[in-house]
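Residue numbering for the sequence shown follows the UniProt record's numbering, starting at 1 and increasing by one per position.
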Amino acid sequence: MVGPTAAATAAGATTAGATTGGWTEGYVGGIDYIRAVYRDWSPALLCFALTLGGWRPPEALRTGRFVMTEPGCGHGLTTALLAAAHPAARFEAMDFNPSHIAGTRRLAADAGLANALFLEESFADYARREGPPLDAVALHGVWSWVSAENRAILLGLLRRRLAPGGVVFVSYNALPGTLPHMPLRRLLVERCAADSGPLPERIARAIDFAARMAGRGGGWLANTDGVVERIEQLRHKSANYIAHEYLNADWTAFYHGDVAREMAAAKLEFAGAAVPMEQLDDLVLSPVQRDLAAEAADPAQAETLRDMMSNRSFRRDLFVKGGERLSPAERRSLLGATRFTLLVEPDDLPETASTPAGRLTFPPALYRPLAEALAGEPRSLEELLALPALARQDEARDGQAVLRALVLLTSLTLAAPVMPEDGSAERREQAARFNAAALERHRFGETPGQLASPLLGAGVPVSRIEALFLLAERLGEDPAALAWRQLSADGIRLGRDGEACVGDEANRAELARRHSGFAARRRPLLERLGAT
Numbered sequence: 001m002v003g004p005t006a007a008a009t010a011a012g013a014t015t016a017g018a019t020t021g022g023w024t025e026g027y028v029g030g031i032d033y034i035r036a037v038y039r040d041w042s043p044a045l046l047c048f049a050l051t052l053g054g055w056r057p058p059e060a061l062r063t064g065r066f067v068m069t070e071p072g073c074g075h076g077l078t079t080a081l082l083a084a085a086h087p088a089a090r091f092e093a094m095d096f097n098p099s100h101i102a103g104t105r106r107l108a109a110d111a112g113l114a115n116a117l118f119l120e121e122s123f124a125d126y127a128r129r130e131g132p133p134l135d136a137v138a139l140h141g142v143w144s145w146v147s148a149e150n151r152a153i154l155l156g157l158l159r160r161r162l163a164p165g166g167v168v169f170v171s172y173n174a175l176p177g178t179l180p181h182m183p184l185r186r187l188l189v190e191r192c193a194a195d196s197g198p199l200p201e202r203i204a205r206a207i208d209f210a211a212r213m214a215g216r217g218g219g220w221l222a223n224t225d226g227v228v229e230r231i232e233q234l235r236h237k238s239a240n241y242i243a244h245e246y247l248n249a250d251w252t253a254f255y256h257g258d259v260a261r262e263m264a265a266a267k268l269e270f271a272g273a274a275v276p277m278e279q280l281d282d283l284v285l286s287p288v289q290r291d292l293a294a295e296a297a298d299p300a301q302a303e304t305l306r307d308m309m310s311n312r313s314f315r316r317d318l319f320v321k322g323g324e325r326l327s328p329a330e331r332r333s334l335l336g337a338t339r340f341t342l343l344v345e346p347d348d349l350p351e352t353a354s355t356p357a358g359r360l361t362f363p364p365a366l367y368r369p370l371a372e373a374l375a376g377e378p379r380s381l382e383e384l385l386a387l388p389a390l391a392r393q394d395e396a397r398d399g400q401a402v403l404r405a406l407v408l409l410t411s412l413t414l415a416a417p418v419m420p421e422d423g424s425a426e427r428r429e430q431a432a433r434f435n436a437a438a439l440e441r442h443r444f445g446e447t448p449g450q451l452a453s454p455l456l457g458a459g460v461p462v463s464r465i466e467a468l469f470l471l472a473e474r475l476g477e478d479p480a481a482l483a484w485r486q487l488s489a490d491g492i493r494l495g496r497d498g499e500a501c502v503g504d505e506a507n508r509a510e511l512a513r514r515h516s517g518f519a520a521r522r523r524p525l526l527e528r529l530g531a532t
């Protein structure tokens, strides 16, 4: 790379003293990455996004008998959860941070995950490893955070092991939207490197310095759109997130066209956005912008133009190796057979949603009957279109209204595609073991933050308090009492209506009130999804 990204990389070489170099190869060490689960490459969602874009999804993903890998997996929670929800599949995940792998191996052992392999290896070590052909590969963030040499190693892995028809999910910092972050990152890198003491304290002082510069020094920090807001957002982020997001020696933002050209060297072709709504131009661009993008000479240039006009700063892309295009009739048939479920109560659907092209309303005449239909058993698109209320709305709105609504709800995590019924009993059994181990971890604050859903083949977010309520139910204990015992041991106190709860009795009473609401609304949803 040339230009500002090269300068950013050069500055990063001095990041935070002992946190770089040696076995870390310039990646931040000495501080763990955040614990998080990502839904973007769950098999049902991958299949929906590919089908929506007109590509045939790998048959292995549709049947649940696939091989998936996640290089640079961090704590490996996404792979562990997917392995719990897909017992017939095989998973590999690697990270060279030993503490990450030690923790996820312990979780996998406690959950009895015999179908997942967690490896403490470098990309080079992993690329030399023999294994079965891969049906899916998840590269979350690492494309921007590793060196060009390591990207070349990953491309070699894709060339050698990705099966024909296989899919790659890759997310990365995108240009031009990331340009305003580059001087801020440079400032954080240099302030942390020049400072001394524990890294979290250096990060806090660097952010405070950036805020003072923006407030008093004016100039670029104060006058560039979004930078002051970003500094304030960083005040509320964990040091773990900031260290791994900003302080690596290698930190590169890409134009989509450059990523597409690199992927082409491994026989990979761009198949569309992993987030379904980003495949619909009218939800991303204005009419004038769509006309301008249509003048592009090739698809890669068109995507780069879209990023320029929407100022996108982060991309989640799908690439396929020898992907097959669906005929219009096949696409309609596969979309029609795709089943969906609602992830919230019908009353909790928002009235509007924010998209890059502006606010989008949720017309009650369409979304109310759709939400009510999806709140029970999963329904296919074909079944939904057979319902009179939805058929009328679809016909009145160009014949695509229900599909577009599902695209929007799915992208906003308000609904989701579900797995086929075949294999559901095995999925429920293994998911239950994983959830038992996950709930036990919430007792002590080591929180995966999600439970496995055999219906979704993915995760369902839960708060620590919700997890403690479910744990108490499993143990036959009073939910408020157990939750307060664990929270109070960590020095946590509750509040209500802006007032702190004082004393054990008040905190237990507040937890009892919250449990009543949880039992009435949230628990039935978790039970329907199989995540209890």
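Positions of the beta carbon are idealized from the N, C-alpha and C atoms, including for glycine.
Item, Value
"Nearest to arginine 397 by CA position, among Gly53, Pro363, Asp110, Ala102, is which residue?", "Pro363"
"In the DSSP assignment, find the alpha helix (DSSP H) that holds serine 411 and state where it starts and stops.", "401-411"
"Thinking C-alpha only, which one of Ala265, Ala114, Gly54, Asp250 is nearest arginine 159?", "Ala265"
"Excluding five sequence neighbours on each side, which residues of the same chain lie with their C-beta closer than 6 Å to the C-beta of arginine 496?", "Glu510"
"Kindly indicate which residue of Leu487, Arg129, His140, Leu412 has the alpha-carbon position closest to the one of threonine 79.", "His140"
"Nearest-angstrom Cα distance between alanine 519 and glutamate 324?", "46 Å"
"Within the stretch 52-82, note down every full alpha helix (DSSP H) run reaching 4 residues or more, in order along the chain.", "59-63"
"Whole-angstrom Cβ separation of alanine 124 and glutamine 430, contact assumed at under 8 Å?", "Incorrect: roughly 33 Å between the Cβ atoms, too far for contact."
"If you reduce the DSSP assignment to three classes, tell me which class histidine 140 lands in.", "strand"
"Does the beta-carbon of serine 333 have 16 or more other beta-carbons within 10 angstroms, so that it is buried, or is it exposed?", "exposed"
"Which of helix, strand or coil does DSSP assign to leucine 318?", "strand"
"What is the rounded straight-line gap between the Cα of residue 544 and the Cα of leucine 107?", "The structure shown has nothing for residue 544, since the chain only spans 1 to 532."
"Out of curiosity, what's the CA-to-CA distance linking alanine 512 and histidine 244?", "39 Å"
"Which whole runs of the beta strand (DSSP E) in the stretch 311-368 are 3 residues long or more, in chain order?", "314-321, 339-342, 352-355, 358-361"
"What does the alpha-carbon distance come out to for the pair histidine 100 and alanine 386?", "48 Å"
"If you follow the beta strand (DSSP E) that arginine 90 is part of, which residue opens it and which one closes it?", "90-94"
"Along the beta strand (DSSP E) that carries alanine 36, what are the first and last residues, could you check?", "That residue, alanine 36, is in no beta strand (DSSP E); it is neither H nor E in DSSP."
"What do you reckon, are the CB atoms on alanine 300 and histidine 256 nearer than 8 Å?", "yes"
"Under 8 Å, do alanine 88 and glycine 423 count as touching if we go by C-beta distance?", "yes"
"Please report whether the beta-carbon of glycine 141 lies at a distance below 8 Å from any beta-carbon of chain C.", "Here there is only one protein chain, and chain C is not present."
"Evaluate the contact criterion for the stretch 109-116 versus the stretch 63-73: three or more CB pairs, one atom per stretch, below 8 Å.", "no"
"Can you tell me whether residue 540 is buried or exposed, with buried defined as 16 or more other CB within 10 angstroms of its CB?", "The first residue shown for the chain is 1 and the last is 532, placing residue 540 beyond what the model contains."
"Specify whether the stretch 244-254 and the stretch 170-187 touch according to this definition: at least 3 beta carbon pairs, one from each stretch, less than 8 Å apart.", "yes"
"Where DSSP assigns a beta bridge to leucine 117, which residues make up the other side?", "Glu92"
"With distances taken from CA atoms, which of Arg404, Arg359, Ala415 is nearest alanine 373?", "Ala415"
"Go through its chain and collect everything with a Cβ distance to aspartate 394's Cβ below 8 Å, but skip five positions before and after it.", "Leu385, Gln400, Ala401, Val402"
"Does aspartate 250 come out as helix, strand or coil in the three-state DSSP assignment?", "coil"
"Just to confirm my understanding: we take isoleucine 153, look at its own chain, exclude 5 residues before and 5 after, and list those with CB closer than 7 Å. What are they?", "Phe123, Ala124, Ala127"
"Provide the residue(s) that pair with glutamine 450 in DSSP beta bridges, ordered along the chain.", "Pro461"
"Under DSSP, the beta strand (DSSP E) around tyrosine 126 begins and ends at which residues?", "Counting along the chain, tyrosine 126 falls outside any beta strand (DSSP E), though it belongs to the alpha helix (DSSP H) covering 123-128."
"State the Cα-Cα distance for the pair aspartate 110 and arginine 433, rounded to the nearest angstrom.", "8 Å"
"Using the Cα positions of residue 578 and serine 42, report the straight-line distance between them to the nearest angstrom.", "What is shown of the chain runs 1 to 532, which leaves residue 578 out entirely."
"Helix, strand or coil for tyrosine 172 per DSSP?", "strand"
"Classify leucine 184 as helix, strand or coil using the three-state DSSP reduction.", "helix"
"For threonine 304, I'd like the list of residues in its chain whose CB is within less than 6 Å of its CB, leaving aside the five on either flank, ordered along the chain.", "Tyr255, His256, Gly257"
"Going along the chain, which residues of its own chain have a beta-carbon closer than 7 Å to the beta-carbon of leucine 349, five neighbours each way excluded?", "Phe362, Tyr367, Ala371, Leu414"
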